[in-house]
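Visitor: Quick one: the structure is below, questions incoming.
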Amino acid sequence: MKGKMTKRMLGCLLAALLFLAGCSSGGTENSNTQGSSSSESMSTASKDESPEAEPVTFPLKEKQTLTAFVITPFAGSNGDYQDNWVTSILEEQENIRIDFQTCASGEDGKTKLNLLMASGDTLPDILLATKWTKAETMLYGQQGLIIPLNDYLEDCENWNRLNEECPARLGQLTMADGNVYSYGNTNETLHSMYQARMWIYKPWVEKLMGGKMPTTTEELYEFLTAVKEEDPNGNGLQDEIPMTGCIADGSWATDPTTFLSNAFLQNNNILSNTNAVTGAGFVVNNGTVEYQFSKDAYRDALAYMNQLFKEGLLDSQTFTQDTTQMKASVQGETPLVACVASGGFPCDTTELRLEQPGPYQDWTVLEPVEGPDGVRLAAYYPVDYFQTCCGVVTKDCDNPELAVKLFDLLASEEWTLTQQFGQEGIGWEYVEEGSSISGGEARWKVIDPPAYREDGTGGDYTSLGIDFVKNIWDTDACVLGNTSELRLGRYAKDPSMNSEGLLYSFGNAYSQYKPEDSTVLPSMAYSVEDAKKISEYSVSIGQYANQATVQFITGDLDVEKDWQSYLDALNSMDLEGYVALQQKAYDAYQESFG
284 MKGKMTKRML GCLLAALLFL AGCSSGGTEN SNTQGSSSSE SMSTASKDES
334 PEAEPVTFPL KEKQTLTAFV ITPFAGSNGD YQDNWVTSIL EEQENIRIDF
384 QTCASGEDGK TKLNLLMASG DTLPDILLAT KWTKAETMLY GQQGLIIPLN
434 DYLEDCENWN RLNEECPARL GQLTMADGNV YSYGNTNETL HSMYQARMWI
484 YKPWVEKLMG GKMPTTTEEL YEFLTAVKEE DPNGNGLQDE IPMTGCIADG
534 SWATDPTTFL SNAFLQNNNI LSNTNAVTGA GFVVNNGTVE YQFSKDAYRD
584 ALAYMNQLFK EGLLDSQTFT QDTTQMKASV QGETPLVACV ASGGFPCDTT
634 ELRLEQPGPY QDWTVLEPVE GPDGVRLAAY YPVDYFQTCC GVVTKDCDNP
684 ELAVKLFDLL ASEEWTLTQQ FGQEGIGWEY VEEGSSISGG EARWKVIDPP
734 AYREDGTGGD YTSLGIDFVK NIWDTDACVL GNTSELRLGR YAKDPSMNSE
784 GLLYSFGNAY SQYKPEDSTV LPSMAYSVED AKKISEYSVS IGQYANQATV
834 QFITGDLDVE KDWQSYLDAL NSMDLEGYVA LQQKAYDAYQ ESFG
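Per my numbering, the very first residue in the sequence shown carries number 284; after that it's consecutive.
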């Protein structure tokens, strides 16, 4: 466990040092206003150079090319954007070619991009996805390496439509200097807003609880104890695992501590996720920003989880195993696991993909349980329209208007679906009848491919003469206009045997326990100087609190004896200063967009 946590802390520290090094490079001594004025002047000059030029409309009359850099969530063939069906469709239908000069993944991709930005070399025209923080984005803007998009966005149809349909969008995409440097990625997914789910094996609930789902921490304790002691799989062995999860390899919401702690206080922090969670550890109480991990209620949550751990009800492998190991215990031939934390389905979904009955029907989500003081909340994650900083135009782009209009084209309904499913009529189509995943009237549907690839990466269209390394763009590296209305208009033959339909129903169930909007810290922009401090605090305080959480649960730290020492350590790291910076940014956000 120590090895895993130390490695994670070192990774975060390195990322912070790289960012701080970038902040010390040329141009950072200018004030926000000076940086903004310089960038805006360049933007205005670019737009005014050819006042007689016709506005950009698609499809283009003549083929044009934009060079691009993209950071995708996956490596290898999954990250290929050049040999890609979507890229080909874009060139064929809209007469614009994208030359992906670099297609990289993860932190390695971000390092490559930051080195390129500092190299002085000619930059690609556009950066499709960067994984930059807001502070990094604004810093590059102040240095003149990327340009403000404000003027170019004024007459963009989909930009204005999305800002009207998604009220929080413009505020999240506007930096502290008043500029918009990233078009953003709109992906309003209900089940992702409630991703910290706990799954429960229904046959054992029937056998041990008469079909009654646990609704309180005490009832959950009783169920887990029965799983451990009463041999529900009937093999004569005490091999059942009451509850499991993993935090070791950045898996999606596989941390059980998030679900469990929300029976004691509001907490959206996830130990397993690679991407940082907005406002992790913070809540807003009547306009005052507070840090949850120093409260007595969090100590009570840790004490409850420590009890589960000590009694073998919370799997001891939770804090050391990886996803593969966790899935092996969940998906084995003999049922072993009663409860498992996961953002996605914990079981095999082969039949679900085909909308047929299968093992997935034995699993459902356990709704949030109520703690001893009446707290019963779901961890809530508002849509982050900034996400991985998608849709950026660099200083070396000769035609910024074309670049921004391309982003706006991609954010249209048609191209939002095309980026995710391929060509209309082959990968997806509009429909005029049938039920949607939410039970309403369907507007569009995914067309089943002729076959599926053996490696499980998606549809196989080779029989139609369509053969690319990758058929779609990755969702985290797109410029999407995926509003809730569009997503929920997807056709489902039977929502109860459709993955999106089931995930919607599970998200809807958790939404009953949503915390008040006013208590959730929004995705905010900071000044460059404040962002440097926030980055330092997130490494020192944030990582320390995460590590201590694990140690309190496993017993390496004693909840009673070591709690005050833990609080003293937080204070010595200047927790007060951390909270004050968040309060400053929150007040500014409320003044501008609240």
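We treat Cβ as the ideally placed atom computed from N, Cα and C, and that holds for glycine.
Can you tell me whether Lys578 is helix, strand or coil according to DSSP?
Guide: It is coil, neither helix nor strand.
Visitor: For Thr880 and Ser818, what's the separation of their Cα atoms in angstroms?
Guide: The displayed coordinates of the chain run from 284 to 877. Any statement about residue 880 would go beyond what the structure contains.
Visitor: Rounded to whole angstroms, what's the CA-CA distance from Cys386 to Asp514? Just pull it up for me.
Guide: Roughly 50 Å between the two C-alpha positions.
Visitor: Can you give the Cα-Cα distance for Pro539 and Asp404, rounded to whole angstroms?
Guide: Taking the straight line joining both Cα atoms gives about 46 Å.
Visitor: Can you tell me which of the three DSSP states Thr881 falls into?
Guide: The structure shown has nothing for residue 881, since the chain only spans 284 to 877.
Visitor: Got a sec, what are the start and stop residues for the beta strand (DSSP E) Asn433 sits in?
Guide: First-last for Asn433: 433–436, but that is the alpha helix (DSSP H), not the beta strand (DSSP E).
Visitor: Is the CB-CB distance between Leu349 and Thr677 below 8 Å?
Guide: Cβ distance not < 8 Å, so Leu349 and Thr677 don't count as in contact.
Visitor: Is it true that the segment 504–521 meets the segment 624–640, where meeting means three or more beta-carbon pairs spaced less than 8 Å apart?
Guide: Segments in contact, no.
Visitor: What does DSSP give as the partner residues of Ile483 in its beta bridges?
Guide: DSSP lists Cys622, Thr647 as partners of Ile483.
Visitor: Along the chain, where does the beta strand (DSSP E) that runs through Gly674 open and close?
Guide: From DSSP, the beta strand (DSSP E) with Gly674 extends over 673–676.
Visitor: For the alpha helix (DSSP H) holding Glu512, just list the boundary residues, first then last.
Guide: Glu512 -> alpha helix (DSSP H) spans 500–512.
Visitor: My understanding is that Lys815 touches Leu864, with C-beta atoms under 8 Å, so please give their C-beta distance in whole angstroms.
Guide: Their Cβ separation, rounded to whole angstroms, is 10 Å, which puts Lys815 and Leu864 out of contact at 8 Å.
Visitor: If the criterion is Cβ atoms closer than 8 Å, does the pair Gly454 and Ser875 meet it?
Guide: Result yes, Cβ atoms of Gly454 and Ser875 sit closer than 8 Å.
Visitor: Are Gly362 and Thr370 touching if we call contact CB-CB under 8 Å?
Guide: Not a contact, by the Cβ cut-off of 8 Å.
Visitor: Can you tell me where the beta strand (DSSP E) with Leu411 in it begins and where it stops?
Guide: Per DSSP, Leu411 belongs to the beta strand (DSSP E) from 409–412.
Visitor: Pull up the distance between the alpha-carbon of Glu375 and that of Glu390, whole angstroms please.
Guide: When rounded, the distance between both Cα atoms is 33 Å.
Visitor: Would you mind giving the Cβ-Cβ distance between Cys672 and Thr413, rounded to the nearest angstrom? I have them listed as a contact below 8 Å.
Guide: Rounded, the Cβ-Cβ distance is 4 Å, consistent with contact.
Visitor: What is the DSSP secondary structure of Val239, reduced to helix, strand or coil?
Guide: Residue 239 is absent from the model: the chain starts at 284 and stops at 877.
Visitor: In this structure, how does DSSP classify Asp759 when only helix, strand and coil are distinguished?
Guide: Helix at Asp759.
Visitor: Name the two residues that bound the continuous alpha helix (DSSP H) containing Tyr793.
Guide: Tyr793 -> alpha helix (DSSP H) spans 782–794.
Visitor: Taking 8 Å as the cut-off, decide whether the C-beta atoms of Val648 and Leu410 are in contact.
Guide: No; because the gap between Cβ atoms is not below 8 Å, this pair is not in contact.
Visitor: What's the call for Leu786, buried or exposed, on a 16-neighbour Cβ count within 10 Å?
Guide: The residue is buried, with at least 16 neighbouring Cβ atoms inside 10 Å.
Visitor: May I ask you to list the residues that DSSP assigns as paired with Tyr664?
Guide: Answer is none; Tyr664 lacks a bridge partner.
Visitor: If you draw a straight line from the C-alpha of Gly723 to the C-alpha of Asn791, how long is it?
Guide: So the two alpha carbons sit approximately 14 Å from each other.
Visitor: Are Asn552 and Thr802 closer than 8 Å when you measure CB to CB?
Guide: Not closer than 8 Å, so no.
Visitor: Would you kindly report the start and end of the unbroken alpha helix (DSSP H) that includes Ile372?
Guide: Taken as a continuous stretch (DSSP letters only), the alpha helix (DSSP H) holding Ile372 covers 368–377.
Visitor: Restricting to Cα atoms, I'd like to know which of Leu399, Asp598, Asp408, Ser465 is closest to Val762.
Guide: It is Ser465 whose Cα lies nearest to the Cα of Val762.
Visitor: Is there contact here, the segment 704–714 with the segment 722–738, by at least three beta-carbon pairs under 8 Å?
Guide: Yes, they touch.
Visitor: Determine whether the beta carbon atoms of Thr701 and Ile372 lie at a separation below 8 Å.
Guide: Against a cut-off of 8 Å, the Cβ pair of Ile372 and Thr701 comes out as a contact.
Visitor: For Gln834, count the other beta carbons within 10 Å of its own beta carbon; 16 or more makes it buried, fewer makes it exposed. Which is it?
Guide: Under this definition Gln834 is a buried residue.
Visitor: In three-state DSSP terms, what is Pro525?
Guide: In the structure shown, Pro525 sits in a strand (DSSP, three-state: E or B).
Visitor: Suppose you measure from the CA of Gly877 to the CA of Glu684; what does that come to, to the nearest Å?
Guide: Approximately 31 Å, taken between the alpha carbons.
Visitor: Kindly indicate the opening and closing residues of the beta strand (DSSP E) around Tyr713.
Guide: Its beta strand (DSSP E) spans residues 711–713.
Visitor: Closest to Leu689 by C-alpha separation, out of Trp415, Leu396, Leu436, Gln365, would be which residue?
Guide: Among Trp415, Leu396, Leu436, Gln365, the Cα nearest to that of Leu689 is on Leu436.
Visitor: Cα-Cα, which of Met780, Ala401, Asp408 is closest to Ile381?
Guide: Nearest of Met780, Ala401, Asp408 to Ile381, Cα basis: Asp408.
Visitor: Just how far apart, CA to CA, sit Asp738 and Gln639?
Guide: For Asp738 and Gln639, the distance between alpha carbons rounds to 21 Å.
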